[in-house]
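Chains as they are written, first to last, in my numbering: chain A, 1 to 174; chain B, 1001 to 1174.
Presented below is the structure to which this report refers.
2 protein chains.
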Amino acid sequence: MRRMVFVLLAGVALAGVVASMAPASGQADGAAAPVFGVTIPPGYRDWRLISVAHEEGNLNDLRAILGNDVAIKASREGKLPFPDGTIIARLAWSYDRLEESEKAFGRPQTFVAGPPKNGVQFMVKDSRKYASTSGWGFAQFNDGKSADEAVQKSCFSCHETVKARDFVFNRYAP
Amino acid sequence: MRRMVFVLLAGVALAGVVASMAPASGQADGAAAPVFGVTIPPGYRDWRLISVAHEEGNLNDLRAILGNDVAIKASREGKLPFPDGTIIARLAWSYDRLEESEKAFGRPQTFVAGPPKNGVQFMVKDSRKYASTSGWGFAQFNDGKSADEAVQKSCFSCHETVKARDFVFNRYAP
């Protein structure tokens, strides 16, 4: 069973939000993001796929939602709320035209993932530690470094629009 | 090490394309697709992510490219050609607007994977068995059943447009 550990970043503790714990073996050596104290889960790029999406507008990206074993199991069962131990990762890449396929299809129509873009985001379920935000801790990292406090604070209010689905926008894509 | 097995579908053998072998343990009990004799690899939905894409036009889908361990390793290293044992899976879903995010973003901009669409496709590398198609066997399955012969035969000619990249359109998305 994988143990998740959150390391408190000195000086950024917010009252009642984060508790400190000893690092687990294999923990990535990275500073915790402010507000929720989440660190980048080791090996997240190897997690299984929950779903895919495309964002237009300012984001203009192609994205994949990956989940750890707890997340995948819960997603597949479709049972809410997600259990403690769930971690969901949102990866994103540039929304790029694929020129080679124009010859294959006879017209431009294909968009593929280019370089990474818009950082990587995580949602971590711990109903006790993150009770004030309905059990979820949020974090965004850009190029391996945590985004600033304003970014971390902005996550929950948007996710509240899907409160009825335990604050998670995506659904498992079979 | 995973052993891939291709079961010859009686009556659809094409000269020089497919050789018959004994089924490996764990082989999914499904008929092989015509032309290349590929069967649905067990557990492919649990494979790791290579990349994501969106197709406009008649396909109008969101897609994920998954790979078995051999495929993932080769994709990450970026070394061509892909080695024997590579299997790449293309999954696809309906390209659907996500209404809930309109409230979050203040405008419609999100597209997510809806129900499965356009079947599932596989590319299998075996340079000896599939020598006549540059080492690749192709297959498409719709709702678990192989698509007809005309579909299977149509794969290679399109993929020839990326012959310089060992016939694979996608690139690993880090």
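Note that the Cβ used here is the ideal one computed from N, Cα and C, for glycine as well.
Residue i to residue j span [Cα, whole Å]
i       : j       : result
G30/A   : F82/A   : 26 Å
R58/A   : S1051/B : One point to set straight first is that residue 58/A is Asn, not Arg, in the sequence displayed. About 21 Å.
V1035/B : H1159/B : 16 Å
D1084/B : D1126/B : 5 Å
E100/A  : L1062/B : 18 Å
P108/A  : S134/A  : 44 Å
A147/A  : Y95/A   : 22 Å
A1033/B : S1132/B : 17 Å
E56/A   : R1045/B : 27 Å
I88/A   : D1166/B : 33 Å
P1041/B : G1106/B : 43 Å
E102/A  : L1080/B : 22 Å
Cross-chain neighbours of residue i in chain E, by beta carbon under 8 Å
i      : result
F141/A : The chain labelled as chain E is not found among the protein chains of the depicted structure, namely A and B.
For residue i, three-class secondary structure by DSSP
i       : result
K163/A  : helix
I1072/B : helix
V1018/B : Note that V1018/B scores 41 on pLDDT, short of 50, meaning its location in the model is unreliable; the coordinates nonetheless yield the value given after this. V1018/B: coil per DSSP, three-state reduction.
S974/B  : Missing from the structure shown is residue 974/B; chain B here goes from 1001 to 1174 and no further.
A1064/B : strand
A1113/B : strand
A53/A   : strand
V168/A  : coil
A1104/B : helix
Contact belief for residue i with residue j at Cβ below 8 Å, rounded distance in angstroms
i       : j       : result
F138/A  : F156/A  : 6 Å
F122/A  : V38/A   : 6 Å
T161/A  : A1113/B : Their Cβ separation, rounded to whole angstroms, is 19 Å, which puts T161/A and A1113/B out of contact at 8 Å.
W1136/B : P1116/B : About 24 Å separates the two Cβ atoms, so there is no contact after all.
F169/A  : H1054/B : About 18 Å separates the two Cβ atoms, so there is no contact after all.
L49/A   : A1064/B : 6 Å
A172/A  : G43/A   : Here residue 172/A is Tyr; the residue named in the question, Ala, does not match the sequence. About 21 Å; that fails the 8 Å criterion.
Closer than 8 Å at the beta carbon, the chain A residues around residue i
i       : result
G1057/B : F105, R107 and Q109
T1161/B : E100, S101, K103 and A104
C1155/B : Simply none; closest approach about 10 Å.
Proximal chain A residues relative to residue i, where beta-carbon distance stays under 7 Å
i       : result
F1169/B : L98, E100 and S101
Under 9 Å from the C-beta of residue i: neighbouring residues of chain B
i     : result
L80/A : The contacting residues do not exist; L80/A stays about 14 Å from chain B at best.
A64/A : L1049, S1051, V1052, A1064 and A1173
Interface residues of chain B facing residue i [CB-CB closer than 7 Å]
i     : result
D46/A : R1048
V70/A : Within chain B, no residue comes near V70/A; the closest Cβ sits about 15 Å away, beyond 7 Å.
Interface residues of chain B facing residue i [CB-CB closer than 8 Å]
i      : result
A147/A : None at all; the shortest Cβ gap to chain B is about 18 Å.
Counting only Cβ-Cβ distances shorter than 9 Å, please list the residues of the segment 1115-1144 of chain B near chain A, keeping chain order. Answer set for the segment 1115-1144 of chain B: P1115 and P1116.
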